[in-house]
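*Asks:* I am attaching a structure below and will ask some questions about it afterwards.
Protein chains in written order, with the working numbering: chain A, 2 to 182; chain B, 3 to 245.
If you want it as structure tokens, here you go:
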């Protein structure tokens, strides 16, 4: 039964992606063209909520620690840039392309094939590039609070403020409540 | 599906190309979401801790409640005679996603990441091809997440009454050029995710909610790279005479 929980969580995540129309190409490309900010709103809301819940759980003692990805600054930044280029041209990311399976959008099978090919390529000789990039720069372990010495709640507050401010900026031009994005 | 004409051809070509790449074990670094589960959070539970079994019951109960809400929604639609293709505001969807990611991380100690699932699927194929000797079944978590995301997306689209029709105008799968373009950018997407250590869900969201610098660097890079790329793509398509 170890497949049940991740599948359920994935189903829930897929529903949120599809419901906010992030599976559509114009929504993903739109944020990079600074026209359609749906993805940014989604990301900010998810970050604020999730970070709040994690901080609360840590503070309440519900969990001792959470898995934190190590930071390889050069790899993260360069990989992020490549990812941004790919996402802006593709109109999807790994999550949204699978959540778009029911929408009949174009490039679905080609995109999935490309993802698999990229993964196989990296598992083969090309993966050495990635490993070498990850070794560049100082490798940091731990989260921002641990590294900078700032309380986690301050960062949660900063995230929430940023989200609220972005929401204000993006929504004040809205005329109709049904107008999304 | 409209993608049926050229999609399989692209896949076949891709498999042929990939089978000639040459394989060396142990090439790519592990994505964040491949991390084995953290030790059980409540190995030595403090006195006032909630019982995780109860929380699992709550999760399943919420699913049941959601299913009931869906049934009621459908009944209302039939009564009103309209297919309400309601979209959620991204804020609400984002809050829901934040809760989902937090549950996954806090209750089960695993992050949610789709690119890791893609990597696992590729490794399954590699093992079937005989290239890869070992395969750790404990790392199947992200693959199940990927399966779930697919099911969730299909379910949500069906719920909205969307028919699988050509929705994106010119970018239909019956166009070989768009399938090949999707293939190329999909490959770059996965390569970039392997370099960075995850994708938007696996690194940006799962890492961001634990406030890891990697996530914020990744997101910064995403916009630094994506905004000029979209701008260039826009200019290129203008030059070609399309809108």
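Beta carbons: idealized from backbone N, C-alpha and C, even for Gly.
Got a sec? Which residues, its chain only, sit under 6 Å from residue 147/B by beta carbon, not counting five neighbours each side?
*Replies:* Cβ within range, chain order: 114 and 119.
*Asks:* Kindly indicate which three-state DSSP category residue 10/A falls into: helix, strand or coil?
*Replies:* Helix at residue 10/A.
*Asks:* Using only CA atoms, which one of 179/B, 157/B, 205/B and 233/B lies nearest to residue 36/A?
*Replies:* Out of 179/B, 157/B, 205/B and 233/B, 233/B has the C-alpha closest to the C-alpha of residue 36/A.
*Asks:* Look at residue 99/B and residue 207/B and say whether their C-beta atoms are less than 9 Å apart.
*Replies:* In contact: residue 99/B and residue 207/B (Cβ atoms closer than 9 Å).
*Asks:* Cα separation between residue 121/B and residue 118/A?
*Replies:* For residue 121/B and residue 118/A, the distance between alpha carbons rounds to 10 Å.
*Asks:* Which residues in the same chain have their Cβ closer than 7 Å to the Cβ of residue 164/A, if we skip the five residues on either side of it in sequence?
*Replies:* Within the same chain, residue 164/A has close Cβ partners 45, 46 and 49.
*Asks:* Using 8 Å as the threshold, is the segment 2-10 of chain A in touch with the segment 72-89 of chain A, meaning 3 or more CB pairs across them?
*Replies:* In short, these stretches do not touch, since the Cβ pair count stays below three.
*Asks:* In chain order, which alpha helix (DSSP H) runs of at least 4 residues are fully inside the segment 4-65 of chain A?
*Replies:* For the segment 4-65 of chain A, whole alpha helix (DSSP H) runs of length 4 or above, ordered along the chain, are 5-20, 26-33 and 39-61.
*Asks:* Could you name the residues of the same chain whose beta carbon sits closer than 7 Å to that of residue 97/A, not counting the 5 residues immediately before and after it, in chain order?
*Replies:* Closer than 7 Å at the Cβ level, and outside the excluded window around residue 97/A, lie 18, 23, 24 and 29.
*Asks:* Use the C-beta contact count for residue 3/A: other C-beta atoms within 10 angstroms, 16 or more gives buried, fewer gives exposed.
*Replies:* Exposed.
*Asks:* Could you list which residues in chain B have their beta carbon closer than 8 Å to that of residue 168/A, in chain order?
*Replies:* Within chain B, the residues near residue 168/A are 93.
*Asks:* Using 10 angstroms around the beta-carbon of residue 39/A, count the other beta-carbons present and answer buried if the total reaches 16, otherwise exposed.
*Replies:* Residue 39/A should be labelled buried.
*Asks:* Can you give me the C-alpha to C-alpha distance between residue 217/B and residue 200/B, rounded to a whole angstrom?
*Replies:* Approximately 9 Å between the Cα atoms of the pair.
*Asks:* Does DSSP classify residue 170/A as helix, strand or coil?
*Replies:* Helix at residue 170/A.
*Asks:* State yes or no: is the beta carbon of residue 176/A nearer than 9 Å to at least one beta carbon in chain B?
*Replies:* At residue 176/A the pLDDT is 46, less than 50, meaning the model places this residue with poor confidence; the figure from the coordinates comes in the next sentence. Not closer than 9 Å to any Cβ of chain B, the Cβ of residue 176/A fails to qualify, so no.
*Asks:* Indicate whether residue 21/A and residue 90/B have their beta-carbon atoms separated by less than 9 Å.
*Replies:* Yes. Within cutoff.
*Asks:* Does DSSP put residue 72/A in a helix, in a strand, or in coil?
*Replies:* Residue state, collapsed to three classes: strand.
*Asks:* Going by beta-carbon coordinates alone, are residue 188/B and residue 116/A separated by less than 9 Å?
*Replies:* Cβ atoms of residue 188/B and residue 116/A: closer than 9 Å.
*Asks:* Is it right to say residue 139/A is buried, meaning 16 or more other beta carbons lie within 10 angstroms of its own, or is it exposed?
*Replies:* Burial call: exposed.
*Asks:* With burial defined as no fewer than 16 other Cβ atoms inside 10 Å of the residue's Cβ, what is the status of residue 102/B: buried or exposed?
*Replies:* Buried is the call here.
*Asks:* I'd like the span of the alpha helix (DSSP H) that includes residue 128/B, first residue to last.
*Replies:* Counting along the chain, the alpha helix (DSSP H) containing residue 128/B begins and ends at 116-131.
*Asks:* Would you report the Cα separation of residue 101/A and residue 202/B, rounded to the nearest angstrom?
*Replies:* Taking the straight line joining both Cα atoms gives about 16 Å.
*Asks:* Comparing C-alpha positions only, which one of 152/A, 128/A and 51/A sits nearest to residue 94/B?
*Replies:* Taking only the C-alpha atoms, the option nearest residue 94/B is 51/A.
*Asks:* For residue 223/B, which residues from the same chain have a beta carbon less than 8 Å from its beta carbon, with the 5 sequence-adjacent residues on both sides left out?
*Replies:* Cβ neighbours of residue 223/B beyond the five flanking positions: 198.
*Asks:* Report back the beta-carbon spacing between residue 247/B and residue 64/A to the nearest angstrom; my notes put them in contact at under 8 Å.
*Replies:* Because chain B in this structure spans residues 3 to 245, residue 247/B falls outside the shown range and cannot be described.
*Asks:* Does the beta-carbon distance from residue 191/B to residue 117/B come in below 9 Å?
*Replies:* Yes, they are a contact pair.
*Asks:* Residue 106/A lies in the alpha helix (DSSP H); which residues open and close that run?
*Replies:* Run containing residue 106/A: none; DSSP gives neither H nor E here.
*Asks:* How close, in whole Å, do the beta carbons of residue 134/A and residue 76/A come, if the pair is a contact with beta carbons under 8 Å?
*Replies:* 5 Å between Cβ atoms; contact.
*Asks:* Exposed or buried, residue 166/A, counting other C-beta atoms within 10 Å across all chains shown (16 or more means buried)?
*Replies:* Residue 166/A should be labelled exposed.
*Asks:* Taking Cβ positions only, does residue 135/A come closer than 9 Å to chain B?
*Replies:* Output row for residue 135/A: interface = yes.
*Asks:* Count the other CB atoms, across all protein chains shown, that sit within 10 Å of the CB of residue 142/A; report buried if there are 16 or more and exposed otherwise.
*Replies:* Exposed is the call here.
*Asks:* Using a 10 Å radius around the Cβ and a threshold of 16 neighbouring Cβ atoms, would you call residue 246/B buried or exposed?
*Replies:* Chain B is shown only over 3 to 245; residue 246/B falls outside these bounds and no answer can be derived.
*Asks:* Looking only at its chain, what residues have a beta carbon closer than 8 Å to the beta carbon of residue 56/A, apart from the 5 residues adjacent to it on each side?
*Replies:* These residues qualify, in order along the chain: 153, 154 and 157.
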